[in-house]
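Residue numbers (my numbering), protein chains in the order written: chain A, 82 to 408; chain B, 2 to 295. Positions of the beta carbon are idealized from the N, C-alpha and C atoms, including for glycine. On a predicted model such as this, the values are computed, not experimentally measured, just so you know.
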């Protein structure tokens, strides 16, 4: 008889859990309400962003406090292409978001990764705010604080503009986003378990030693920055049609704080932690907002609690409980 | 000539409150090594409490020109919330990674913002132009409200006072020693808990006082703390983290720059500030007056 712990550590078991979760999410729009499906849809977009963010934060040890910048880049790419250039193919939008954000992340990253810790956080915050004021002040280009409308994109070349809005979002667009998330999550899993991912972890734990062992620390941090920027942009580009209107608030520093919050809530030490954090954050926010207008107070309390008592987040608490039940 | 004078004056006025908040940020960062995002929220709290107190005492029959006395008293007393946050939350993360310290102060920012919304609502609050009771001066054609002049003088006095405390008192020596080498100071018998409580309270008072002083000449909105912390952040980056001289020079630079940009290229107002921040961070990350290594 195998112990529970042995079973949960089996590869087959993990694949089974993932498959069950996958089917659960695929089937969700059929039995859950449209509103729940819509919240899940926004979660998928955030999920892509935070797994990219965690490559930088959890695996490389760099806290970016301006990561919402890339999310906004993705979202505004979608807005520009659909409403200014009438490019409606979602695939083109995604590719454009990746290209634009990668170029931007390459430049910003090259400057930022020269620093670590608080200086890295401050510099990324400054870039995020720079982009915020750019979006706000160049209103003839970006619509200022009103933002820009995002038109409904074609998915895989199909024009779906006849379907009612919510049905589109919770039907085909939901599936589309879920598939993109699955592909990108799998890709990220490959990245973090590759030698490259191991190098990032070595850099996080002991940069001097990593450098000594021949890892080009700065270059690897830069790679991680660019990859996570591209992920955030894809997340933003997918979020844009779901919310229908993009505004500069997407890159305000408190929105970057939200991304860090999600990651920490779920647990940055675990690959799936940010995903758990994202889904809990979005549904909890919806619940608390329906109860009180002062949801920030409650969320601030939760964040303080996590930081002080459970820095491992939800995933950390679960794994420590599992260890305790074994003994 | 008069426009230049107007721009300069409003810049210095901006700088005087910015300096107070930035100084609060600096002193806490210097000693505790915690980058306190909540400084801006303390500033907002100071502004709101200031409005309520002044309205109360003026309605209670205090001669209007004396309103500045209860205002300053309110700002100073409100600083006593500092120890509550320090003992209640911040003390748990001194030995943790900077990331967690930053996030904990971010949590405080979220909480205070909602406390303000809960108590005072979301509509902007003003004192109804009470600062005009002191009248205006005309210098070389430029109109200067006397109240703003008083704020600038107050800020200068506080700057001088901080300088005096830091370099001429026993407490100042302890602060400088702790900022330099914490373990060594502790080994020499300095009670760290008390130093931390006092320093954090000092940082809070600078924030709340700054908010209280600035508000008669403006309006309080619930986002003001979040907006100000970004400016204060620019100030400390330009001046150098942990340096008081840096806070002074940085505040002047940001304040004057902001008012120049507003009157010449309003679109570029904040843009110029962030570009300067980034340039400073790239060329000299420790800031103009920061001595610490990066």
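Residue of the options minimising C-alpha distance to residue i
i, options, result
"residue 4 of chain B", "B/264, B/228 and B/151", "B/264"
"residue 190 of chain B", "B/158, B/179, B/200 and B/26", "B/179"
"residue 197 of chain B", "B/91, B/162 and B/230", "B/91"
"residue 361 of chain A", "A/342, A/275 and A/114", "A/342"
"residue 132 of chain A", "A/392, A/330, A/356 and A/381", "A/356"
"residue 235 of chain A", "A/228, A/326, A/306 and A/258", "A/258"
"residue 13 of chain B", "B/250, B/237 and B/273", "B/250"
"residue 127 of chain B", "B/285, B/254 and B/53", "B/53"
"residue 17 of chain B", "B/224, B/257 and B/133", "B/257"
"residue 380 of chain A", "A/281, A/402 and A/369", "A/369"
"residue 133 of chain B", "B/254, B/30, B/231 and B/218", "B/218"
"residue 350 of chain A", "A/391, A/359, A/338 and A/397", "A/397"
"residue 276 of chain B", "A/190, A/195 and A/214", "A/214"
"residue 154 of chain A", "A/309, A/296, A/178 and A/247", "A/178"
"residue 358 of chain A", "A/390, A/377, A/395 and A/328", "A/395"
"residue 308 of chain A", "A/337, A/237, A/266 and A/101", "A/266"
"residue 78 of chain B", "B/253, B/270, B/206 and B/105", "B/206"
Nearest-angstrom Cβ-Cβ length linking residue i and residue j, presumed shorter than 8 Å
i, j, result
"residue 138 of chain A", "residue 313 of chain A", "Not confirmed; about 12 Å, so no contact."
"residue 75 of chain B", "residue 51 of chain B", "5 Å"
"residue 25 of chain B", "residue 208 of chain B", "5 Å"
"residue 48 of chain B", "residue 215 of chain B", "7 Å"
"residue 150 of chain A", "residue 344 of chain A", "Wrong, their Cβ atoms sit about 16 Å apart, outside the cutoff."
"residue 278 of chain B", "residue 239 of chain B", "6 Å"
"residue 38 of chain B", "residue 211 of chain A", "Not a contact, Cβ separation roughly 18 Å."
"residue 323 of chain A", "residue 123 of chain A", "6 Å"
"residue 219 of chain A", "residue 270 of chain A", "About 39 Å separates the two Cβ atoms, so there is no contact after all."
"residue 201 of chain A", "residue 143 of chain A", "5 Å"
"residue 1 of chain B", "residue 390 of chain A", "This structure gives no information on residue 1 of chain B, because the portion of chain B shown stretches from 2 to 295."
"residue 186 of chain A", "residue 306 of chain A", "6 Å"
Reduced DSSP category for residue i - H, G, I as helix; E, B as strand; rest coil
i, result
"residue 111 of chain B", "helix"
"residue 165 of chain B", "helix"
"residue 230 of chain A", "strand"
"residue 145 of chain B", "strand"
"residue 93 of chain B", "helix"
"residue 353 of chain A", "coil"
"residue 63 of chain B", "coil"
"residue 267 of chain A", "helix"
"residue 196 of chain A", "coil"
"residue 239 of chain A", "strand"
"residue 140 of chain A", "helix"
"residue 411 of chain A", "As displayed, chain A neither begins before 82 nor continues past 408, which places residue 411 of chain A out of reach and without an answer."
"residue 119 of chain A", "helix"
"residue 375 of chain A", "coil"
"residue 100 of chain B", "helix"
"residue 211 of chain A", "helix"
"residue 2 of chain B", "coil"
"residue 279 of chain B", "helix"
"residue 145 of chain A", "coil"
"residue 391 of chain A", "coil"
"residue 124 of chain A", "helix"
"residue 277 of chain A", "helix"
"residue 7 of chain B", "helix"
"residue 287 of chain A", "coil"
"residue 35 of chain B", "coil"
For residue j and residue i, the rounded distance between their alpha carbons
i, j, result
"residue 252 of chain A", "residue 168 of chain A", "22 Å"
"residue 2 of chain B", "residue 384 of chain A", "52 Å"
"residue 72 of chain B", "residue 201 of chain B", "21 Å"
"residue 104 of chain A", "residue 263 of chain A", "12 Å"
"residue 220 of chain B", "residue 175 of chain A", "43 Å"
"residue 413 of chain A", "residue 373 of chain A", "What is shown of chain A runs 82 to 408, which leaves residue 413 of chain A out entirely."
"residue 145 of chain A", "residue 229 of chain A", "26 Å"
"residue 143 of chain B", "residue 155 of chain B", "22 Å"
"residue 125 of chain B", "residue 223 of chain B", "8 Å"
"residue 96 of chain A", "residue 240 of chain A", "35 Å"
"residue 367 of chain A", "residue 250 of chain A", "18 Å"
"residue 260 of chain B", "residue 141 of chain B", "19 Å"
"residue 165 of chain A", "residue 247 of chain A", "24 Å"
"residue 294 of chain B", "residue 285 of chain B", "In this prediction, residue 294 of chain B scores a pLDDT of 37, lower than 50, which makes its location untrustworthy; no coordinate-derived value is stated."
"residue 148 of chain A", "residue 337 of chain A", "5 Å"
"residue 238 of chain A", "residue 316 of chain A", "20 Å"
"residue 30 of chain B", "residue 11 of chain B", "28 Å"
"residue 119 of chain B", "residue 295 of chain A", "55 Å"
Residue(s) in a DSSP beta bridge with residue i
i, result
"residue 327 of chain A", "A/229"
"residue 140 of chain B", "B/143"
"residue 221 of chain B", "B/126"
"residue 170 of chain A", "A/235"
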